[in-house]
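Asks: Under full-length UniProt numbering, the first residue of the sequence shown carries the number 1, and numbering increases by one thereafter.
The structure under discussion is supplied below as structure tokens; questions concerning it will follow.
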Amino acid sequence: MNKLYGLLGHPVGHSMSPLMHNDAFKQLGINGYYHAFDVPEDKLKEAVDALRLFNISGLNVTIPHKVTIMEFLDEIDEEALMIGAVNTVVNIEGRLIGYNTDGRGYLTSLLTKLNKPLKDSNVLVIGAGGAARGIVTALANDGVALLTIANRTIEKADEIKNHYLKYREANINVLPLKKAQLNLARYDIVINTTSIGMSPRVDEVPISIDHIKQTAVLSDLIYNPIETKLLQLGNKKGIITHNGVGMFVEQGALAFLKWTGKQPDTEKMTKIVMQQLG
Ligand code: ATR
1 MNKLYGLLGH PVGHSMSPLM HNDAFKQLGI NGYYHAFDVP EDKLKEAVDA
51 LRLFNISGLN VTIPHKVTIM EFLDEIDEEA LMIGAVNTVV NIEGRLIGYN
101 TDGRGYLTSL LTKLNKPLKD SNVLVIGAGG AARGIVTALA NDGVALLTIA
151 NRTIEKADEI KNHYLKYREA NINVLPLKKA QLNLARYDIV INTTSIGMSP
201 RVDEVPISID HIKQTAVLSD LIYNPIETKL LQLGNKKGII THNGVGMFVE
251 QGALAFLKWT GKQPDTEKMT KIVMQQLG
């Protein structure tokens, strides 16, 4: 029988996940079908109950449900707990288990661009919203040398740091965005996790990169546009840049692996995503 998988979000109309996962099922000869379920914010519990009834095999979870879904699941994996959000659910013999593959997916993609080990790197994370949580947790769990979170609202950066320190020790600094901009020459990896630069605000940058190191890697989680203004400026300077397509593909590939035990072809997934993004 066809196994049912899906995405819970609102809105989901423009999601590239159905195409990406359904193609991977086909490539690997798996009898699976992935559907994007548009679930309004106040209907999440009903949706999860209904999908349990239909014996859903696995789920992705996106905005606005990543945090709220946690209370409707039977178990949460440790990294997802540390992040405080779930983007992947696996049905194991009727028990729904929550994971978060965002941070790990991001790191898998970032590692292909690095010129020195993560553990020797001084990393700046710009932003302290939901997206920053996954990145900070994965970086700190992987033992990055020094991690700084810079945000306009410093309290939100403090909150992410303190949440992490409840679970494990780590070398995490917190800075106002303006200060980080002045100190930019210190960092080996600079990561934008804010939505500044995302379509339609394509002319904005979260930070000036005038003082960035020539050997730095400049990374942006945004994939629409594929090359944000920030990355365009980085490319002009001739530094290594890294866009958000890899994170999107790798978080999906990790979810797929958890659902099926099979590694999908991430090159093919990337092709599909790039086609969709035009
Ligand atoms: P998400 O959960 O998708 O990461 P979010 O929670 O709205 O989104 O977080 C957005 C991030 O972008 C925050 O770090 C926010 O900074 P504040 O915490 O100070 O609000 C940052 N951000 C958004 N617009 C910004 C702007 N114009 N200047 C500076 N930071 C901005």
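Even glycine gets a Cβ: it sits at the ideal position worked out from N, Cα and C.
What do you get for Arg201, buried or exposed, if any count of 16 or more other CB atoms within 10 angstroms of its CB means buried?
Replies: Within the sequence shown, residue 201 is the residue found at index 201, counting from 1. By the 10 Å Cβ count, Arg201 comes out exposed.
Asks: Looking only at its chain, what residues have a beta carbon closer than 8 Å to the beta carbon of Lys268, apart from the 5 residues adjacent to it on each side?
Replies: Your numbering for residue 268 matches position 268 in the sequence shown. Excluding sequence neighbours, Lys268 sits near Asp23, Ala24, Gln27.
Asks: Assess, as a yes-or-no matter, whether the segment 7-21 is touched by the segment 35-50 under the definition of 3 or more beta carbon pairs within less than 8 Å.
Replies: yes
Asks: Going along the chain, which unbroken runs of the alpha helix (DSSP H) with 4 or more residues stay wholly within the segment 204-255?
Replies: 229-237
Asks: Mapping the DSSP letters down to three states, classify Pro40 as helix, strand or coil.
Replies: Counted from its first residue, the sequence shown places residue 40 at position 40. The answer is coil: DSSP assigns Pro40 none of H, G, I, E or B.
Asks: So the candidates are Arg133, Lys179, Lys178; which of them puts its Cα closest to the Cα of Glu159?
Replies: Within the sequence shown, the letter at position 159 stands for residue 159. For the residues Arg133, Lys179, Lys178, the minimum Cα distance to Glu159 belongs to Arg133.
Asks: Where Ser57 and Lys262 are concerned, what is the direct C-alpha to C-alpha distance, given to the nearest angstrom?
Replies: As a first step, residue 57 is located in the sequence shown; it is residue number 57 there, counting from the start. As a first step, residue 262 is located in the sequence shown; it is residue number 262 there, counting from the start. Their Cα atoms are separated by approximately 14 Å.
Asks: Measure the Cβ-Cβ separation of Ile212 and Leu218 and say whether it is below 8 Å.
Replies: Residue 212 sits at position 212 when you count from the first residue of the sequence shown. Residue 218 sits at position 218 when you count from the first residue of the sequence shown. Yes, the Cβ-Cβ distance between Ile212 and Leu218 is below 8 Å.
Asks: According to DSSP, what are the bridge partners of Val125?
Replies: Reading the sequence shown from its first residue, position 125 is the one you call residue 125. Under DSSP, the beta-bridge partners assigned to Val125 are Ile149, Ile191.
Asks: Ligand 1 and Pro206: does the residue's C-beta get closer than 7 Å to at least one heavy atom of that ligand?
Replies: Counting from 1 along the sequence shown, the entry for residue 206 is found at position 206. Checking every heavy atom of ligand 1 against the Cβ of Pro206, one is found closer than 7 Å.
Asks: Compute the minimum distance between the beta carbon of Ala216 and the heavy atoms of ligand 1, and state whether it is under 7 Å.
Replies: Against the sequence shown, residue 216 aligns to sequence position 216. No, the Cβ of Ala216 stays beyond 7 Å of every heavy atom of ligand 1.
Asks: Give a yes or no on whether the minimum CB-CB distance between His163 and chain B is below 8 Å.
Replies: Among the protein chains of the structure shown there is no chain B, as only one such chain exists.
Asks: Alpha carbon to alpha carbon, how far is Glu79 from Arg168? Give it in angstroms, no decimals.
Replies: Within the sequence shown, the letter at position 168 stands for residue 168. Within the sequence shown, the letter at position 79 stands for residue 79. Answer to the nearest angstrom: the Cα atoms are 11 Å apart.
Asks: Should the segment 142-150 be called in touch with the segment 117-126, which here means at least 3 C-beta pairs below 8 Å?
Replies: Touching, yes.
Asks: At a threshold of 7 Å, does Asn151 count as lining ligand 1 (C-beta to nearest heavy atom)?
Replies: Locating residue 151 in the sequence shown gives position 151, counting from the first residue. Yes; taking the cut-off as 7 Å, the Cβ of Asn151 has a heavy atom of ligand 1 nearer than that.
Asks: Taking only three categories from DSSP, how would you classify Ile51?
Replies: Residue mapping note: residue 51 aligns to position 51 of the sequence shown, counting from 1. In the sequence as presented, Ile is not what sits at residue 51; that position holds Leu. Of the three classes helix, strand and coil, the one that applies to Leu51 here is helix, per DSSP.
Asks: Quick one: give me the first and last residue of the beta strand (DSSP E) that Asn173 is part of.
Replies: Counting from one through the sequence shown, the residue named residue 173 turns up at place 173. First-last of the beta strand (DSSP E) with Asn173: 172-176.
Asks: With the cut-off set at 8 Å, would you say Ala140 and Ile172 are in Cβ contact?
Replies: Locating residue 140 in the sequence shown gives position 140, counting from the first residue. Locating residue 172 in the sequence shown gives position 172, counting from the first residue. Cβ atoms of Ala140 and Ile172: closer than 8 Å.
Asks: Regarding Lys156 and ligand 1, is the C-beta to nearest heavy atom distance less than 7 Å?
Replies: Against the sequence shown, residue 156 aligns to sequence position 156. Checking the Cβ of Lys156 against ligand 1 gives yes.
Asks: Would you check whether ligand 1 has a heavy atom nearer than 7 Å to the C-beta of Ala138?
Replies: Taking the sequence shown and counting its residues from 1, the one referred to as residue 138 is at position 138. No, the beta carbon of Ala138 sits no closer than 7 Å to any heavy atom of ligand 1.
Asks: Rounded to the nearest angstrom, what separates Leu81 and Thr241 at their Cα positions?
Replies: Position 81 of the sequence shown, counting from 1, holds the residue named residue 81. Position 241 of the sequence shown, counting from 1, holds the residue named residue 241. Looking at the backbone, the Cα of Leu81 and that of Thr241 are separated by about 30 Å.
Asks: Would you call Leu165 buried or exposed, if buried means 16 or more other Cβ atoms sit within 10 Å of its Cβ?
Replies: Translated into positions along the sequence shown, residue 165 becomes position 165. Its Cβ having fewer than 16 others within 10 Å, Leu165 is exposed.
Asks: Just verifying my parser: in three-state terms, what is the DSSP assignment at Val67?
Replies: Here residue 67 corresponds to residue number 67 of the sequence shown, with the count starting at 1. Val67 falls in the coil class under three-state DSSP.
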